[in-house]
Ligand code: ATP
Ligand code: MG
Ligand code: MG
Ligand code: MG
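Below is the structure:
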């Protein structure tokens, strides 16, 4: 590519909204352009990077035996009602109506759609296992879109979904995808770590996240440097072992849930620390159904736990957000994904909860110290809520260290959560109908670009690995339009590298040498060849890798081989 025929648009200063180095650099290098909160255009230079990431992801998915398809971004509400997530997913789900007033959402994930396909297409055990994947635009109406493409609202995900006759088959594919993910992140040159993780709103049993290690990451990982132990502390908190039980609270009147008679029963039932995380209250709800209200704080962990609650099978149901808002006189729209936000409403809810229990004592409502973790498949994870560096590792193999990470991938053993709810069954050898086992596997393709830069930059700009770079080699002629010798040498090298299949950028723009050199460093091209009259007289050009502190003189005749 000739820079004069391409579109480079670099900035000296990053727009003030950018906080993280990667976000600043992506804007300054002209990789992305902001349209609105959480919405970014991938500019030509950035799109080249994104496509390189996508290609590696596709190659590894194909190698692992996954089959590519493409599902619609817009999904009918009915499917989400079937799985139970229409109510439960909350405000992160962008909902819309068509001209016939039918409800739809813009897919934040595709379990429902793929399960619908498979339940209609697959009849027999002979057709299983199957593993489908797509690379597609997702939409999540994030509470706080930030850090550019790292926490965007519209973003690109590779999502895969596998279907099986039995758990062993699921475990085999899960391991295959786990290995493929390691391969993807290794090929991209990232420093990463797989960690045991919570299943969040996707649900299921076991799961691992792939965390790119970076100080600016939003997640905290506890790991043992001398053993494989590593967990997102979200999970560690989520599966904290039981601490002393609360004293039994008063009777919960008007609740028909079998086995849940007291606050203590409820807490035990929910396996959640009500006081510190979610305030819960059971009331008679819409249409005579008991309703579980969850009130979350402003802590993301709370959302995760609250979301998990919805996976618990019980006669309790969630009220429509508007019904909950009405019941508590809250402002329409003030309800978060699964509960109220804001102190005033929370306090009212606690009071309402106290009213429900005989005696109406609010102290009965504030219960503490009960564990979580009904469906976690990572038994070695312990209570790390107050963990500090140097604490004993839960696996007894050493001491713990803490680091921060950016979640770039997440694999889940869904088991039968969706197949059961949506009736994805097959006929076994004996002609008996059985529910399929499922797994799902996500990679944040667009987030990877931000995460990679967060790990690799210096004061001059981005440092791309060859695998991700928009161009691997940049030819920077000193005076392309002034010196015939320089132009001839640059053109010849450009032609030779192009013919050899190298992704080469010839910066033939009519700019000062300082601008060309600074841009080349800012956009992170890994290999640079500077061609000038002085060197040419001695038959040499200057080669410098992006991480090198000085240039090396290389004979013009050798340079093409040198940079390949
Ligand atoms: P997070 O904890 O960061 O909100 P998540 O756990 O909600 O992510 P998953 O449902 O596991 O995300 O989705 C799979 C992958 O999609 C994540 O591992 C992440 O890389 C990517 N992803 C999720 N949300 C976003 C977002 N808002 N912007 C960009 N990528 C995202
Ligand atoms: Mg999320
Ligand atoms: Mg997460
Ligand atoms: Mg996740």
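Numbering (full-length UniProt numbering), first residue to last: 1 to 564.
All C-beta atoms, glycine included, are put in the ideal place defined by N, C-alpha and C.
As the structure is a prediction and not an experimental result, all values here were calculated from the model.
Taking a contact as a CB-CB distance under 8 Å, the pair residue 505 and residue 525 counts as one, their CB atoms being some 7 Å apart. Note on geometry: alpha-carbon atoms of residue 558 and residue 197 lie some 50 Å from one another. In this structure, residue 410 has its CB closer than 7 Å to one or more heavy atoms of ligand 4.
Leaving aside the five residues that flank residue 171 on each side, none in its chain has a CB nearer than 6 Å to its CB.
Residue nearest to residue 562 within the set 550, 493, 388, 547 is 493 (criterion: CA-CA distance). Spatial neighbours of residue 487 in its own chain (CB-CB distance under 6 Å, excluding positions within 5 residues in sequence) are listed in chain order as 480.
At a Cβ-Cβ threshold of 8 Å, residue 103 and residue 83 do not count as neighbours. Shortest gap from the CB of residue 446 to any heavy atom of ligand 1: under 7 Å. By the neighbour-count criterion, in which 16 or more other beta carbons inside 10 Å mark a residue as buried, residue 110 falls on the buried side. Where residue 88 is concerned, the enclosing alpha helix (DSSP H) starts and stops at 85-88.
A distance below 8 Å separates the beta carbons of residue 3 and residue 509. Less than 8 Å separates the beta-carbon of residue 212 from that of residue 191. Taking a C-beta distance under 8 Å as the contact criterion, residue 148 and residue 22 qualify as a contact pair.
Bridge pairing for residue 412: 207, 440 [DSSP]. Judged by beta-carbon spacing, residue 550 lies beyond the 8 Å limit of residue 387, meaning their Cβ atoms are not closer than that value. Of the residues 544, 165, 217, 555, the one whose Cα lies closest to the Cα of residue 534 is 555. Per the DSSP secondary-structure output, residue 194 pairs in a beta bridge with 210.
Under the 10 Å beta carbon count, residue 528 is surrounded by 16 or more other beta carbons and is classified as buried.
At a Cβ-Cβ threshold of 8 Å, residue 174 and residue 413 count as neighbours. In the assembly as shown, residue 164 is a buried residue. Its beta-carbon has 16 or more other beta-carbons within 10 Å. In the structure shown, residue 527 falls within a strand segment according to DSSP collapsed to helix, strand and coil. For residue 209, the Cβ falls inside the 7 Å cut-off from some heavy atom of ligand 4. Take residue 224, set aside five residues on each side of it, and the residues of its chain with a beta-carbon closer than 8 Å to its own are 230, 393, 395, 397, 398, 399, 400, 401, in chain order.
Placement of the Cβ of residue 142 at a distance of 7 Å or more from every heavy atom of ligand 3 is found. For residue 100, the closest alpha carbon among the candidates 44, 76, 80 is that of 76. According to the DSSP assignment, residue 426 belongs to the beta strand (DSSP E) that extends over 425-427. Here the region 152-160 lies against the region 437-450, with 3 or more beta-carbon pairs under 8 Å apart.
Bounds of the beta strand (DSSP E) holding residue 553 are 552-555. Relative to ligand 3, the nearest heavy atom lies less than 7 Å away from the CB of residue 407. Separation of residue 216 and residue 450 (C-alpha to C-alpha, rounded to the nearest whole angstrom) is 11 Å.
If you draw a straight line from the Cα of residue 140 to the Cα of residue 478, it comes to about 47 Å. Within the same chain, 151 come within 8 Å of residue 144 by CB-CB distance, once the 5 residues on both sides are set aside.
When secondary structure is reduced to three states using DSSP, residue 1 falls in the coil class, being assigned neither helix nor strand. Excluding residues up to 5 positions away in sequence, 497, 500, 502 lie with their Cβ nearer than 8 Å to the Cβ of residue 564 in the same chain. Pairing residue 90 with residue 105, the inter-Cα distance amounts to about 12 Å.
For the set 208, 541, 389, 182, the Cα lying nearest the Cα of residue 57 is the one of 182.
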